[in-house]
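Comments concern the structure below.
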Amino acid sequence: GAVVSQHPSRVICKSGTSVKIECRSLDFQATTMFWYRQFPKQSLMLMATSNEGSKATYEQGVEKDKFLINHASLTLSTLTVTSAHPEDSSFYICSARIGSEGEQYFGPGTRLTVT
Amino acid sequence: GESVGLHLPTLSVQEGDNSIINCAYSNSASDYFIWYKQESGKGPQFIIDIRSNMDKRQGQRVTVLLNKTVKHLSLQIAATQPGDSAVYFCAENPPRRALTFGSGTRLQVQP
Numbered sequence: 203g204a205v206v207s208q209h210p211s212r213v214i215c216k217s218g219t220s221v222k223i224e225c226r227s228l229d230f231q232a233t234t235m236f237w238y239r240q241f242p243k244q245s246l247m248l249m250a251t252s253n254e255g256s257k258a259t260y261e262q263g264v265e266k267d268k269f270l271i272n273h274a275s276l277t278l279s280t281l282t283v284t285s286a287h288p289e290d291s292s293f294y295i296c297s298a299r300i301g302s303e304g305e306q307y308f309g310p311g312t313r314l315t316v317t
Numbered sequence: 015g016e017s018v019g020l021h022l023p024t025l026s027v028q029e030g031d032n033s034i035i036n037c038a039y040s041n042s043a044s045d046y047f048i049w050y051k052q053e054s055g056k057g058p059q060f061i062i063d064i065r066s067n068m069d070k071r072q073g074q075r076v077t078v079l080l081n082k083t084v085k086h087l088s089l090q091i092a093a094t095q096p097g098d099s100a101v102y103f104c105a106e107n108p109p110r111r112a113l114t115f116g117s118g119t120r121l122q123v124q125p
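Going down the list, the protein sequences come from chains E and B. So the first sequence is numbered by my numbering: it starts at 203 and just counts up by one. So the second sequence is numbered by my numbering: it starts at 15 and just counts up by one.
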């Protein structure tokens, strides 16, 4: 139980284009979903927290107009990287939580490469 | 021995030895702590958790120790195996907030 999937697992896009990453909770309903970014040899850094049906809360230094987050249902959140640049190349990981507290279940991550 | 690389400290151990990975957390309000294992190119994998009302918790081959006085967590892995080689992160959870991850330690198990 408590499986989270991400799609795609890898994506390469050209600079200036936009790319959408999906995060799905497969066997549970996620009240809250989180998006993290991880650069090589570094830790996971929280980008934003999204609750179903409301606007995402972004961490300091994360541009909300660049990283668009939609959490339209209890099983799906999407992260769209708009006007991507090479410095946006990173490993993006989502996680989902059933309630307001408790364990977060992590997806397998999406490797984004911007050329 | 333990060494500090550019970003991740590395702990090298011999197969069969016990490993101890340490972590300092920052928020005294955190009441839930988790250790994760991350292999290259994959998402974090849950290992063991502990709540702040405990100071020790044991799992299969793993033990987590919590010292709230000095805000310190440790993960002990008994009889370390080559499959344990990975990066290990501690994470702290303040109430009603997202998990915050520590900087991580790379564990290398020498056969």
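Glycine residues also receive a C-beta, built at the ideal position from the N, C-alpha and C atoms.
- Rounded to the nearest angstrom, the Cβ distance from E/Ala250 to E/Ile271 is 5 Å, consistent with a contact under 8 Å.
- Chain E places no beta carbon closer than 8 Å to that of B/Gly73, leaving this residue out of the contacts.
- Segment contact: the stretch 71–88 of chain B against the stretch 271–280 of chain E, fewer than three CB-CB distances shorter than 8 Å; contact not assigned.
- Within the same chain, Cβ atoms closer than 7 Å to the Cβ of E/Ile214 are found at Thr315 and Thr317, the five residues on either side in sequence being excluded.
- E/Phe241 is classed as exposed because its beta carbon has fewer than 16 other beta carbons within 10 Å across all chains shown.
- In the displayed model, E/Asp290 falls within a helix according to three-state DSSP.
- Positions of the beta strand (DSSP E) runs, each at least 3 residues long and wholly inside the stretch 229–253 of chain E, are given as 234–240 and 246–253 in order along the chain.
- For B/Pro96, the secondary structure class from DSSP, reduced to helix, strand or coil, is helix.
- The continuous stretches of beta strand (DSSP E) do not include E/Pro310, and DSSP gives it neither H nor E.
- Burial state of B/Glu106 is buried, judged by a 10 Å Cβ sphere holding 16 or more other Cβ atoms.
- Taking a Cβ-Cβ cut-off of 7 Å, E/Lys257 has no neighbours in chain B, whose nearest Cβ is about 16 Å from it.
- Beta-bridge partners of E/Asp267 (DSSP): none assigned.
- Taken in chain order, the complete beta strand (DSSP E) segments of 3 or more residues contained in the stretch 39–94 of chain B are 46–52, 59–65, 70–72, 76–81 and 86–91.
- For B/Pro23, the enclosing beta strand (DSSP E) starts and ends at Pro23 to Gln28.
- One alpha carbon belongs to B/Lys85, the other to B/Gly55, and they sit about 30 Å apart.
- Per the Cβ contact rule, the stretch 286–297 of chain E is not in contact with the stretch 254–266 of chain E (fewer than 3 Cβ pairs under 8 Å).
- For the options B/Gly97, B/Asn81, B/Ala43 and B/Pro109, the alpha carbon positioned closest to that of B/Met68 is the one of B/Asn81.
- Rounded to the nearest whole angstrom, the CA to CA distance from B/Gln122 to E/Ser217 is 36 Å.
- Rounded to whole angstroms, the separation of the alpha carbons of B/Trp49 and B/Ile62 is 6 Å.
- In chain order, Ala100 place their CB closer than 6 Å to the CB of B/Glu53, counting only its own chain and leaving out the 5 sequence neighbours on each side.
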